[in-house]
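The sequence shown lines up with residues 38 to 130 when you count with our numbering.
Note that the Cβ used here is the ideal one computed from N, Cα and C, for glycine as well.
Notes to accompany the following structure.
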Amino acid sequence: MNVVVQRYRLPAGADPVAYVNTLVQLKCATVVTTGTAARSAVAARLATGRVAHVRFVVVADQPVSGAMRLSPDTVSASILAHAVNGSGSTPQV
Numbered sequence: 038m039n040v041v042v043q044r045y046r047l048p049a050g051a052d053p054v055a056y057v058n059t060l061v062q063l064k065c066a067t068v069v070t071t072g073t074a075a076r077s078a079v080a081a082r083l084a085t086g087r088v089a090h091v092r093f094v095v096v097a098d099q100p101v102s103g104a105m106r107l108s109p110d111t112v113s114a115s116i117l118a119h120a121v122n123g124s125g126s127t128p129q130v
């Protein structure tokens with residue numbers, strides 16, 4: 038499997054919901070977010086319906102319905118890699 042990883046930082050002043058929608062339109066397979074604004078943007082996007090080809094992973098204290106949540110206190114490189122690869126079921130840690 039070929040995996041391309043690109044890291045995007047939410048630009049200052051950008052609309053977080055529009056930014057997440059752009060990532061969906063770019064057909065990103067997995068979108069991993071951190072921070073309150075990005076978590077809220079994912080929640081808003083998922084409130085309009087699930088996206089069949091996109092897996093959302095939020096690193097946050099609060100869960101988002103339809104997204105995998107990883108605790109910022111316990112997330113590690115291996116847990117994040119497992120979540121991104123979609124290898125089975127990753128616990129909500």
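Quick check on this structure: which residue in Arg87, Ala74, Val68 has the alpha carbon closest to the alpha carbon of alanine 49?
When the alpha-carbon of alanine 49 is set against those of Arg87, Ala74, Val68, the nearest one is in Ala74.
Pull up the CB-CB distance for alanine 78 and proline 53, whole angstroms please, since I reckon it's below 8 Å.
4 Å
What residues in its chain sit with their C-beta under 6 Å from that of valine 121, if we drop five residues either side in the sequence?
Thr67
Determine whether the beta carbon atoms of alanine 80 and valine 94 lie at a separation below 8 Å.
Alanine 80 places its beta carbon 8 Å or farther from that of valine 94.
If you reduce the DSSP assignment to three classes, tell me which class arginine 106 lands in.
strand
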